[in-house]
Ligand code: SF4
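Numbering (this note's numbering), first residue to last: 15 to 423.
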C-alpha cells in the first residue's frame with residue numbers, strides 16, 4: 015500500500031481515504047473543464063464523484079463548493095444557518111492540475127497524483143417511465159450501483175432522523191413543511207437502471223436501501239417488489255458480484271429467509287453507533303422504534319443460519335469514542351457478523367453540535383482494530399474494488415497484504 019505525507023504524518027492509502035472523505039475537497043474548475051467529458055467527474059453533487067489513489071484505493075470526492083448548494087436546496091436552509099456552518103466547511107484538500115494531470119494537494123503540499131474513472135453516460139439516462147438516473151442512483155467505485163434511498167424514512171418523517179443522515183434530514187424537513195415525500199422509483203425503474211449499469215458501466219454488484227418503516231410489512235413489500243423485478247428483468251445470473259440489502263431488522267425471521275431466497279447475498283441491519291447513550295441522541299428512531307436488541311437478534315439469526323459474513327452492521331466512523339466502537343465491533347465479529355465502516359462526513363450536518371472530523375490516530379486505530387477482527391474471525395467484507403465512503407474492503411485487503419508479507423519473511 016502506498017504511503018503519503020499529510021501535515022507531519024506518514025500515512026497509508028486507507029488513512030488518506032478517511033481524511034479526504036471526512037474533510038471533503040475543493041476541486042479546481044480547470045479539473046472539471048479538462049476531465050468531465052472524458053472521465054467520471056461531474057459538477058452535480060448527486061453523482062458522488064470519486065477518484066483512485068495510485069494503488070487503486072477508491073476515495074469519495076465531495077467538492078465542498080457544490081455540496082453547500084446541494085445542502086441548501088435539500089433542507090431549504092436560510093442564509094443565516096448557511097453562514098453559521100460556512101466557516102466549518104473549509105478543507106485543506108484540493109484537487110488541481112499539475113502538468114495537466116490531476117493531483118491531490120493538502121494546502122500547498124502535493125500529497126499524490128490521482129486517477130479519475132472512465133467517462134460514462136449513466137447520469138444522462140432516464141428510465142422508460144421518465145425517471146432520471148441522476149438523483150436516484152449512483153455508481154460507486156468501479157463495480158457498484160447503489161440507490162440513494164428508495165423509499166422514505168418514516169422515523170425521520172416523524173421527527174426522529176439520525177443526525178448524520180442527509181436523506182433523513184431531507185425527509186424530516188419535508189414532513190415538517192407538510193410537503194409530499196420524494197418520488198419512489200418503481201421496481202421497473204430500478205431494474206432498468208441495474209441493466210444499464212451492468213451493460214454499460216462494468217457494474218457487477220448492487221446495493222438496495224431505503225428508509226426505516228414503522229411496520230416491517232411496509233419495507234418487506236418494497237424490498238420484495240424490487241427483488242422480484244431484479245429476478246425477472248435483470249436475472250440473478252447477470253449479477254456476477256453481490257446484492258447487498260440494507261434493511262430495518264424485522265421482528266419475524268421469515269422475512270429475512272425470503273430475502274435470501276430472492277437472491278440477497280448479504281444483509282445489513284446497521285446499528286451505526288454502539289454506545290447506548292450516544293446512539294439514543296444520534297440515531298433516536300433506530301434506538302427507540304427498532305431497538306438495539308432487535309438489530310442484534312436479526313444479525314445473529316443471519317450469522318447462525320446463513321454463516322459468518324452473511325450479516326453485517328455498519329458503523330459511522332467518527333461518531334463515538336474508540337473504546338465503545340471496539341466493544342461493538344468485537345461483539346459482532348465474535349458472532350460471525352461483519353462490523354463494516356463508513357466514514358462520517360460532517361460537513362453541513364453537525365452531530366451533537368459538532369462537525370469536527372477525527373484525526374489520523376483515530377482512523378489508524380480503527381483500521382488496525384478492524385483488520386485484527388477480520389483476520390481473527392475470518393470475515394471478508396463485500397466491496398470488490400472498493401466503495402466510495404466505506405473502508406471495510408480496503409482494510410481487509412490491507413490485512414491480507416500484511417499476512418502475506420509476514421509469511422514471506
Ligand atoms: S433510519 Fe436510516 S434513513 Fe432514517 S434517518 Fe436513520 S439512517 Fe437515515
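Glycine included, every Cβ here is placed at the ideal spot set by N, Cα and C.
- By the C-beta density criterion, residue 266 is exposed, having fewer than 16 other C-beta atoms within 10 angstroms.
- A straight-line Cα-Cα distance of about 8 Å links residue 133 and residue 55.
- For residue 395, the number of other beta carbons within 10 angstroms of its own is at least 16, and it is reported as buried.
- Residue 249 is not a Cβ neighbour of residue 170, given a cutoff of 9 Å.
- For residue 21, there is no enclosing alpha helix (DSSP H), as DSSP gives it neither H nor E.
- Annotation: the continuous beta strand (DSSP E) that includes residue 126 extends over 123 to 127.
- The continuous stretches of beta strand (DSSP E) do not include residue 338, which lies in the alpha helix (DSSP H) extending over residues 336 to 348.
- Residue 286 has its Cβ nearer than 8 Å to a heavy atom of the ligand SF4.
- Here the alpha carbons of residue 324 and residue 251 stand approximately 19 Å from one another.
- Contact between residue 116 and residue 109 is confirmed by a C-beta separation of about 6 Å, below the 8 Å threshold.
- Here residue 286 is near residue 293, since their CB atoms are less than 9 Å apart.
- Under DSSP, residue 120 forms a beta bridge with 107 and 123.
- Closer than 8 Å to some heavy atom of the ligand SF4: that does not describe the Cβ of residue 199.
- When DSSP states are grouped into helix, strand and coil, residue 51 belongs to the coil group.
- In summary, residue 336 is exposed, with fewer than 16 beta-carbon neighbours lying within 10 Å of its beta-carbon over all protein chains present.
- For residue 391, the shortest C-beta to heavy atom distance toward the ligand SF4 is 8 Å or greater.
- Per DSSP, the unbroken beta strand (DSSP E) holding residue 66 starts and ends at 64 to 66.
- Placement of the Cβ of residue 361 at a distance of 8 Å or more from every heavy atom of the ligand SF4 is found.
- Less than 9 Å divides the Cβ of residue 400 from the Cβ of residue 407.
- Those residues having their beta-carbon less than 5 Å away from any non-hydrogen atom of the ligand SF4 are, in chain order, 167, 169, 170, 175, 176, 179, 182, 225 and 226.
- Following the DSSP letters along the chain, one finds residue 276 inside the alpha helix (DSSP H) bounded by residues 267 to 276.
- Counting only runs that start and end inside the stretch 236 to 313, the beta strand (DSSP E) elements of at least 3 residues fall at 257 to 260 and 280 to 282.
- Out of 216, 104 and 36, the CA that lies nearest to the CA of residue 255 is found in 216.
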